[in-house]
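Enquirer: Under this note's numbering, the residues of the sequence shown are numbered 3 to 791, in order.
First, the structure itself, so that you have it in front of you.
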Amino acid sequence: MLKKILFTTLFLSTVVLSSVYYLFHRSKPITEGVVFLKGLESKVRIVRDEWGVPHITSNSERDAYFALGFVMASERLFQMDIQRRLANGQLSEVLGKRTLEVDKKFRTLRFRKAMIELMEKREREGKRNKKMWSYLTAFYYGVNEYIKKNPLPIEFHLLGYEPKPFGPYDAFSFSGYMGYSFATSFRKDVLFSTLASTLPKDMFENLRPEPSFDEKKVAAVSEVSLKKILGIHEELKQGFYAFEGSNAWVLSGKRSKSGKPILASDPHIAFATPGVWFEAHIKTPSHEIYGHYLPLIPFPGLGHNKHIAWGLTMSKVDDMDFYKETLSPDGKKVKFKGEWQPVKEYEEVIQVKGEAPEKLKVRITPHGPLLDQIMDGKPISVKWSFYHPENLALEGIYRGARAKNWKEFTKAFGYGAAPGLNIAYADSKGDIGSMVYGRIPNRPKGMNSDRILDGASGKDEYSYFPTSENPRTYNPKSGVIVLANWRPLEGENIAGFWSPSDRFDAINSLLGKQEKWSIEELKEIQTSSFSQTAQSILPILLSSLKGKDFTQREEGIIKELKNWNFRSSIKSEAALIYHQWNLENKKLLFDELPEEHKETYCSLGSHWFSYKRLLEQDNASWWDLKSSDNKIEKRDEVLFLGFKNAINSLSTNFGSRVENWTWGKAHTVEHVHPLGKAKPLNYLFNLGPYCASGGYELINNLASKGCSNGFKIVSGPSTRRLIDFKTPGFSWGVLPLGNSGHMFSEHYKDQKDLYLENKYRFQLMNSSAIEKNKVSELILVGQKRKSLN
């Protein structure tokens, strides 16, 4: 009987594994041969190189975009569908009730509705860009043709659905999600409004990056609202793509050893599988671009050609505000600038897998949508640059990729209002520059934009600066421009959620060490795990240990720290001790905050500003521990306790032998798939964890977040790029995983080791090099054509 059971179990397991294997393999991308497709007007040639990057050649731009859609769908179809469902508020239709709050939030924020209204208005006015629209349409035609003719990836079979046809508004709505993921306001404004109403003034001021507390009454939100908002953020943190920060810099020809401008770019985005970027190269008689594309959008977010190159960082401009609204008793009117105005209203229906459809009432005030559905009934609305009547973000990207010089480039990126970006630029003529993209609020002086504002009186109203006044830099005398999410140097009156200056200062410091730089030397800077900040923090920490008694083992740990080279490399013991010590200090320092508030605060850049500032204040109120009722602690006492706690924590997690306490054991990255958040699918879809160098606010910004999750990396460089205009056809780059989203593709994770080892590979535009590195060739032909000629 036992043999029969074992045989049956083995047989069933074999059948299941064979079925899974079959489903995976049958949907592998088509990379060779000839495919006849309806909708193509001319022949398109697609060559894939050794890294799986498609090089698309066509005599027609429209057909090139059709081919891009076809190829992108072959490699990233499920990712494209889940991203449009995310932006459109349709996740629950396939994932069930657990994503219902996400869908409610994004339907309320009107990503899709707002873009449809804007583009339909422009079409009525005859202002819609016809050529851009035709390329968008061609791209989605290619996506839909792929779906019609090829087996679906296994994710669709596991979830039991087929994707609906794609269309241009999917790209527009996803641009809304991009803007949302840039906006810290949803967490910070809501949290800070609550803290401002509960903490003493001096303690609250020390939590802010830039103290300027206004004594006027602050509108707080309920704990239920706060938990709901933070819960939605947690749901999105893994498996989806949140934009966290970025580095970029440009050197003029006088600062490079090649004599030509060099651009470096590494946007920081939450890790997931598949990776966030899809690389492709398009070449037609009228247009050529090597681009990094967000799957779903046919115009590159990052790109270069023989004329120009650009990289993106988050501007961190605060382009979102919340208002406490005053509604009439029936909720149909709202007081705006002292006058009653009508509230617009419509109903959304959210389909929920396995459940009855959920109805959602969306109401819109003059400021923007009411968030009462996700704010526990509170009449709070959101004003956001995304709702600006000239938010033509996709048109800006489309035009920017066609620019041939600085003047054309800046004009192109004058289109659009959100998301807020800081763009680094270099070109073949020798020019370098940077510009803040998006609509920047022109707030009244003294307005606390990180708190909930008064929506009724009109005192907290504002307009926007003209885009011509956005901060920009062009050919500075220094020959260097550095962007790292720090305050724009020419925008001192602009409010924002600036990242700490650690990366900005470190990049500037390193680039200042010599006059001219080569690509190989810049690779070392872009992957640097050296901490300039630790050089100033560690002496303060060590000074707190003076006069204390220690065991021989503890003396050895202190010696390890004193001899540290300030690099957070995988095998460094001192790096792990230093980071753990800081973590334990922060847990003690912010103990006045409720646990859920502390975790959220520790995930904001504000906490690092505050921690560094408080280290300079021996008697600050925050050093007095809440847990000790009858004693008032000072800084050094808490730092000493933090040291002891760090040793205990490391001993518990890694054993008593200090030589086993290496940074790489704690500092790991896991790439989570949207279906890999729960067992057993996590074993099938997720990749990692992998040991990694770098760390929070280092140039190699592989960052962990919060105070309770140790050093699990949540975000980091989503690509690393270096373009030298002496050889634009041979630029350098690397992805965290690979260019394919198909698990059984050889390009699914073929760049993983390069990335973790801080190495690079070529990004090719040179025709002879592409042919030399050709791995496969696919020909797409219009279905009506009778030959390949």
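Each residue gets a CB set at the ideal place from its N, CA and C atoms; glycine is no exception.
Let me make sure I understand the geometry here. Which of Lys561, Gly731, Tyr148 and Ser545 has the alpha-carbon closest to that of Val640?
Expert: Numbered from its first residue, the sequence shown carries residue 640 at position 638. The candidate whose alpha carbon is nearest that of Val640 is Ser545.
Enquirer: Expressed to the nearest angstrom, what Euclidean distance is found between the alpha-carbon atoms of Gly498 and Gly712?
Expert: Here residue 498 refers to the residue found at position 496 when the sequence shown is read from its first residue. Here residue 712 refers to the residue found at position 710 when the sequence shown is read from its first residue. The straight-line gap from Cα to Cα measures roughly 28 angstroms.
Enquirer: Rounding to the nearest angstrom, what Cα-Cα distance links Leu782 and Ser44 in this structure?
Expert: Here residue 782 is taken as the residue at index 780 of the sequence shown, counted from 1. Here residue 44 is taken as the residue at index 42 of the sequence shown, counted from 1. Whole-angstrom Cα-Cα distance: 8 angstroms.
Enquirer: Provide the residue span of the beta strand (DSSP E) that contains Asn424, from first to last.
Expert: Position 422 of the sequence shown, counting from 1, holds the residue named residue 424. That run of the beta strand (DSSP E) goes Leu423 to Asp429.
Enquirer: Go ahead and pull the three-state DSSP assignment for Thr286.
Expert: The residue you call residue 286 lines up with position 284 of the sequence shown. Coil at Thr286, not helix or strand.
Enquirer: Under a Cβ-count criterion, where at least 16 other Cβ atoms within 10 Å of its own Cβ denotes burial, should Pro468 be classed as buried or exposed?
Expert: The sequence position of residue 468 within the sequence shown is 466, counting from 1. It is exposed - the Cβ of Pro468 has fewer than 16 other Cβ atoms within 10 Å.
Enquirer: Helix, strand or coil, according to DSSP, for Lys151 in the structure here?
Expert: Locating residue 151 in the sequence shown gives position 149, where the first residue counts as 1. Three-state DSSP puts Lys151 in a helix.
Enquirer: Would you call the CB atoms of Glu349 and Lys335 closer than 8 angstroms?
Expert: Indexing the sequence shown from 1 puts residue 349 at position 347. Indexing the sequence shown from 1 puts residue 335 at position 333. Against a cut-off of 8 angstroms, the Cβ pair of Lys335 and Glu349 comes out as no contact.
Enquirer: Are Val671 and Tyr692 close, meaning C-beta to C-beta below 8 angstroms?
Expert: Translated into the one-based positions of the sequence shown, residue 671 becomes position 669. Translated into the one-based positions of the sequence shown, residue 692 becomes position 690. Yes, they are a contact pair.
Enquirer: Give the range of the beta strand (DSSP E) segment to which Gly435 is assigned.
Expert: Taking the sequence shown and counting its residues from 1, the one referred to as residue 435 is at position 433. Looking at the DSSP string, the run of the beta strand (DSSP E) that includes Gly435 is Ile434 to Tyr439.
Enquirer: Mapping DSSP to helix, strand and coil, what is Lys335?
Expert: Position 333 of the sequence shown holds residue 335. Strand.
Enquirer: Among residues of its own chain, excluding the 5 on either side of Asp456, which ones have a beta-carbon nearer than 6 angstroms to its beta-carbon?
Expert: Reading the sequence shown from its first residue, position 454 is the one you call residue 456. So the list reads Asp462, once near-sequence residues are dropped.
Enquirer: So, for Ile509: in the same chain, excluding its five sequence neighbours on each side, which residues have a beta-carbon less than 8 angstroms away from its beta-carbon?
Expert: Here the question's residue 509 lines up with position 507 in the sequence shown. So the qualifying residues of the chain are Asn249, Trp251, Val484, Ala486, Ile527 and Ile701.
Enquirer: Count the other CB atoms, across all protein chains shown, that sit within 10 Å of the CB of Leu780; report buried if there are 16 or more and exposed otherwise.
Expert: Translated into positions along the sequence shown, residue 780 becomes position 778. Burial call: buried.
Enquirer: Nearest to Lys380 by CA position, among Pro371, Pro165 and Ser387, is which residue?
Expert: For this step, residue 380 is matched to residue 378 along the sequence shown. The shortest Cα separation from Lys380 among Pro371, Pro165 and Ser387 belongs to Pro371.
Enquirer: Helix, strand or coil for Lys525? Go by DSSP, reduced to three states.
Expert: Here residue 525 refers to the residue found at position 523 of the sequence shown. The answer is helix: DSSP assigns Lys525 an H, G or I state.
Enquirer: Would the region 179–187 count as touching the region 318–333 if we require 3 or more Cβ pairs under 8 angstroms?
Expert: As far as the Cβ criterion goes, the region 179–187 touches the region 318–333, which means the pair count is three or higher.
Enquirer: Shortest alpha-carbon distance to Gln765 belongs to which of Ser733, Gly303, Asp755 and Lys774?
Expert: For the purposes of this step, residue 765 is taken as the residue at position 763 of the sequence shown. Closest by alpha carbon: Ser733.
Enquirer: So, for Asp507: in the same chain, excluding its five sequence neighbours on each side, which residues have a beta-carbon less than 7 angstroms away from its beta-carbon?
Expert: Residue 507 sits at position 505 when you count from the first residue of the sequence shown. Taken in chain order, the residues that qualify are Gln534.
Enquirer: With a threshold of 16 other CB atoms inside 10 Å of the CB of Asn307, please say whether the residue is buried or exposed.
Expert: As a first step, residue 307 must be located in the sequence shown, where it is residue number 305. Classification of Asn307: buried, given that the 10 Å Cβ count is 16 or more.
Enquirer: Return the CA-CA distance between Tyr137 and Asn703, expressed in angstroms with no decimal places.
Expert: For the purposes of this step, residue 137 is taken as residue 135 along the sequence shown, with counting starting at 1. For the purposes of this step, residue 703 is taken as residue 701 along the sequence shown, with counting starting at 1. Each residue's Cα considered, the two are about 36 angstroms apart.
Enquirer: Sorted by chain position, which residues of the same chain lie with C-beta nearer than 7 angstroms to Ile291's C-beta, five sequence neighbours on each side aside?
Expert: Counting from one through the sequence shown, the residue named residue 291 turns up at place 289. For Ile291, where only same-chain residues beyond five positions count, the Cβ hits under 7 angstroms are Ile284, Pro302, Gly305, Asn307 and Ala403.
Enquirer: Return the CA-CA distance between His57 and Glu95, expressed in angstroms with no decimal places.
Expert: Taking the sequence shown and counting its residues from 1, the one referred to as residue 57 is at position 55. Taking the sequence shown and counting its residues from 1, the one referred to as residue 95 is at position 93. Between His57 and Glu95, the C-alpha separation is close to 36 angstroms.
Enquirer: Which class does Lys588 belong to by DSSP, given the choice of helix, strand or coil?
Expert: Residue 588 sits at position 586 when you count from the first residue of the sequence shown. Looking at Lys588 - three-state DSSP - the assignment turns out to be helix.
Enquirer: Tell me whether the region 86–93 and the region 168–175 touch, counting them as touching only if at least three CB pairs, one residue from each stretch, are closer than 8 angstroms.
Expert: Cβ pair count under 8 angstroms is three or more, so yes.
Enquirer: Does DSSP put Ala266 in a helix, in a strand, or in coil?
Expert: Counted from its first residue, the sequence shown places residue 266 at position 264. If DSSP states are grouped into helix, strand and coil, Ala266 belongs with the strands.
Enquirer: Quick one, which of Tyr389, Lys431 and Phe687 has its alpha-carbon nearest Leu120's?
Expert: Here residue 120 corresponds to residue number 118 of the sequence shown, with the count starting at 1. Closest option to Leu120, Cα to Cα, is Tyr389.
Enquirer: Relative to the C-alpha of Pro31, which residue among Arg723, Tyr179 and Ser747 is closest?
Expert: Position 29 of the sequence shown, counted from the start, is the residue given in the question as residue 31. Here the closest residue by C-alpha is Ser747.
Enquirer: Tell me, please, which residues DSSP counts as bridged to Met316.
Expert: In the sequence shown, the residue the question calls residue 316 occupies position 314. DSSP, once it has assigned bridges, lists Leu423 as partnering Met316.
Enquirer: With 16 as the cutoff for other CB atoms within 10 Å, does Gln516 come out buried or exposed?
Expert: Indexing the sequence shown from 1 puts residue 516 at position 514. Exposed, since its Cβ has fewer than 16 Cβ neighbours within 10 Å.
Enquirer: Measure the C-alpha to C-alpha separation of Met134 and Ala694 and round it to an integer number of angstroms.
Expert: Start at 1 with the first residue of the sequence shown, and residue 134 comes out as number 132. Start at 1 with the first residue of the sequence shown, and residue 694 comes out as number 692. Near 41 angstroms, if we compare the C-alpha coordinates of Ala694 and Met134.
Enquirer: If we call anything under 8 angstroms between Cβ atoms a contact, is Lys106 one with Ile352?
Expert: Here residue 106 is taken as the residue at index 104 of the sequence shown, counted from 1. Here residue 352 is taken as the residue at index 350 of the sequence shown, counted from 1. Going by C-beta atoms, Lys106 is nearer than 8 angstroms to Ile352.
Enquirer: I'd like the list of long-range same chain contacts for Leu683, defined as Cβ closer than 6 angstroms, with 5 residues on each side in sequence excluded.
Expert: Position 681 of the sequence shown holds residue 683. Here the set comprises Leu677.
Enquirer: Taking just the CA atoms, how far does Asn760 sit from Ser571?
Expert: Your numbering for residue 571 matches position 569 in the sequence shown. Your numbering for residue 760 matches position 758 in the sequence shown. Using only the alpha carbons, I get a separation of about 11 angstroms.
Enquirer: If we require 3 or more residues per run, which beta strand (DSSP E) segments fall completely within the region 692–734?
Expert: Here the runs fully enclosed are 714–719 and 722–726.
Enquirer: What three-state label does DSSP hand Pro800 in the structure shown?
Expert: There is no way to answer for residue 800, as the model of the chain reaches only from 3 to 791.
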